[in-house]
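Take the sequence shown: its letters are residues 1 to 575, numbered as in UniProt numbering.
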Amino acid sequence: MLKEYRTLLPYYKEYKFKYLFGLLCLTVTNAGQLMIPQYIRRSLNLMTEDQIDTRSVLKLVATMVVVAFIIALGRFFWRYFIHGASRRIEKELRGQIFYHLLEMSSSFFGKNKTGDIMARMTNDMKAIRMASGMALVAFVDGLFMALAILWILFSRYPRLAAITILPLPLITIVVLFMGSFLGERFRQVQAKFSDLTSSVQETMSGIRVLKSFNREDHALKEFNIVNDSYIKANISLVKIWGLMTPLTGFLTGLTACLLLFFGGRMVIWGELNPGDFVAVMAYLGMLAWPMVGAGFTVNLIQRGAASLQRINQILDEKAEIRNVPNPLDVDPFKELEIQNLNFHYGEDPIINDLSLKITAGETLGVLGRTGSGKSTLINLLPRILESPRGSILYNGMEIHNLELSSLRKSILLIPQEAFLFSASILENILLGKKDATEKEVQEVIEMTTLDRDLKNFPNGVDTQVGEKGISLSGGQKQRIALARALIANPQVLILDDALSAVDTKTEEFILSRFFARREGLTSILISHRVSTLMNAGNIIVLEKGRISQKGTHQDLIQEKGLYQSIYKLQSLDKS
């Protein structure tokens, strides 16, 4: 269980002084609390004497007020330091996870649901914060108070203390026994919360599909099933926790009964002063917390360990695609060479012995049926997917040896499915270049014909697009994605059917502007439309992961094969 806390050790070292100051303030607070019953004892004993010394009583009261003020200050500062440190740990650990997620390859997100990741970064972090803050307080507070109170009671009232504290150890036993069941039930609650989060996230992401197929009732039923499962897991947890609270209250009440019976008789027989009786009662009341605190600490540590285990599962995952030690800088693009490239998913071959060279300023067109390996090929170039070593060279250098972020800045891929963030059109475009000038923005807007659409938007370029661009058409989203890529000014631009949702005439207009204004830009065009590929100086046809045809548009329409067949079909569609 404790091995899961290895992740927090660097943070504990970083905030060790905050914890030390917090524990010092906690000790001062506890010492002050231990003094209060003594002042009450002395005050009551003075008031029961034949001649009441009013002045002495007032002095004790004034002293109690000062001690109470010191307790209040101590309580504030231990909360400030210890809870402050645990909050900072929560923040930095969440940042560490987020940074780690940004480094992970696409295969990781294929195996893990977004909702589950979100649950781990929110709900589990709360349990970790409690374990790194309140658990420490409960342990130190309980240990200090228990030892100090037991020493006071047994040094002053040994016989009465031995009788009255008998039920208190049972509180710890009850809490520890029930705590063994709480850990597993808490893990189940966290897992069910992940399922619930995933269900909501998937439903909201696919709301258009649900509405199109009129499946809202089905989505509601599925949600209710997951929601009920989460509630049942919580009720299972609460049953144990709910039973533990009255049990500890009952056992604490027994100590008061024993004190009233045995301590009351001692007061009546003159063996104990009234002030001492009240002091013992106050100490026994204070001693109940350390007994509960022992189990409370174990419970918090178990919860924290369960949540840390789920966090560590993410942190222990290594990115499949990452920088080598001492990666090389990426120089201005000259050529990209593919040598005998083979790639497969599992046992299924996707790319077979493919060789190709692309030089600076060239436009390469790629045509192929669905499943021919087009998208796989272009995802290998910026290392979105990992290629075999030695098969792809950038300026003669193996791409695995190049600094990854610089490589991806140099080779920019625009996928067919355009993703937009929940921001304005302008903010989505500026993602490609944060410091872009107004002139640069206007240029890419005109180049992608977005200026025609902006006239119809309520706030023009500042119009909010909604989550994933839900308020826009497919063609508008693709053109915003293209504008975002163009403003980034990469050295190699890859368009993977990036204008498939745009009509043919608009696409031809965009591409004509693109090639006219970005002369010298190296580009790769993947499309099912021959009219798109006509702009390419060199075209390859992929079939079953191999290059079956290669040449210019004019060469390929004269050569029997897939390109000619598609060209004829699309020519018939136009006519």
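Cβ atoms here follow ideal geometry from the backbone N, Cα and C, with glycine treated the same way.
key: Residues of its chain near T29, where Cβ-Cβ distance is below 7 Å and the 5 sequence neighbours each way are ignored   = I71, G74, R75 and W78
key: Option nearest F21 by Cα separation, candidates Q38, R42 and I82   = I82
task = Could you tell me the distance, in whole angstroms, from the CA atom of A536 to the CA atom of G365?
result = 5 Å
ask   = Is residue 655 near A501, with beta carbons less than 7 Å apart?
value = Residue 655 lies beyond the range of the chain shown here (1 to 575); nothing can be said about it.
Residue burial classification, V140 (beta-carbon count within 10 angstroms, cutoff 16) = buried
query = Is the Cβ-Cβ distance between I524 and T463 less than 7 Å?
reply = no
message = Residues in the same chain with beta-carbon distance under 6 Å from Q188, minus the five sequence neighbours each way, listed in chain order, please.
response = A233
Nearest-angstrom Cα separation, counted from R6 out to L562 = 58 Å
request  = Drop a sphere of 10 angstroms on the beta-carbon of P169, count the other beta-carbons inside from all chains shown, and report buried for 16 or more, exposed for fewer.
outcome  = exposed
ask   = How many Å lie between K433 and L24 at the Cα?
value = 50 Å
ask   = Is Y394 helix, strand or coil by DSSP?
value = strand
task = State the Cα-Cα distance for the pair A135 and Y19, rounded to the nearest angstrom.
result = 12 Å
task = Go to E103, then tell me how far its alpha helix (DSSP H) extends in each direction, as first and last residue.
result = G84 to E103
ask   = In three-state terms, what does DSSP make of L364?
value = strand
query = Can at least three beta-carbon pairs, one atom from the stretch 311-328 and one from the stretch 402-409, be found at a separation below 8 Å?
reply = yes
ask   = So, helix, strand or coil for P158, using DSSP?
value = helix
ask   = Is DSSP giving Y15 helix, strand or coil here?
value = coil
key: Among K550, E559, L556 and R529, the one whose alpha carbon lies nearest that of S571   = R529
Proximity of S198 and K111 at Cβ, strictly below 7 Å = no
message = Looking at S194: is its Cβ nearer than 7 Å to the Cβ of A306?
response = no
query = Taking DSSP as the reference, what is the three-state secondary structure of L150?
reply = helix
key: Reduced DSSP secondary structure (H/G/I, E/B, other) of E559   = coil
task = Report the three-state DSSP secondary structure of T522 (helix, strand or coil).
result = strand
request  = Report yes if the C-beta distance between E398 and T359 is below 7 Å; otherwise report no.
outcome  = no
ask   = Which residues mark the beginning and the end of the alpha helix (DSSP H) in which V492 is found?
value = That residue, V492, is in no alpha helix (DSSP H); its beta strand (DSSP E) goes V492 to D496.
inquiry  = On the CB-based measure, 16 or more other CB atoms within 10 Å of its CB, does G520 come out buried or exposed?
reply    = exposed
inquiry  = So if DSSP puts P458 in a beta bridge, which residue, or which two residues, is it bridged to?
reply    = Bridge partners of P458: none, in fact.
task = Tell me, please, which residues DSSP counts as bridged to T359.
result = E335
message = Helix, strand or coil for E222? Go by DSSP, reduced to three states.
response = helix
query = Hey, how far is the Cα of P167 from the Cα of V280?
reply = 15 Å
inquiry  = Using C-beta distances below 7 Å, list every residue in its chain close to H100, excluding the 5 sequence neighbours before and after it, in chain order.
reply    = I314 and L315
task = Mark T255 as exposed unless 16 or more other C-beta atoms lie within 10 angstroms of its C-beta, in which case mark it buried.
result = buried
ask   = Grouping DSSP H, G and I as helix and E and B as strand, with all else coil, what is E347?
value = coil
key: Status (buried if at least 16 other CB within 10 Å, exposed otherwise) for N214   = exposed
ask   = Assuming P327 contacts S410 under a Cβ cut-off of 8 Å, what Cβ separation, rounded to an integer in Å, is found between them?
value = That belief does not hold up - the Cβ atoms of P327 and S410 are roughly 13 Å apart, past 8 Å.
message = Check whether the stretch 6-15 and the stretch 82-95 are in contact - that is, three or more C-beta pairs closer than 8 Å.
response = yes
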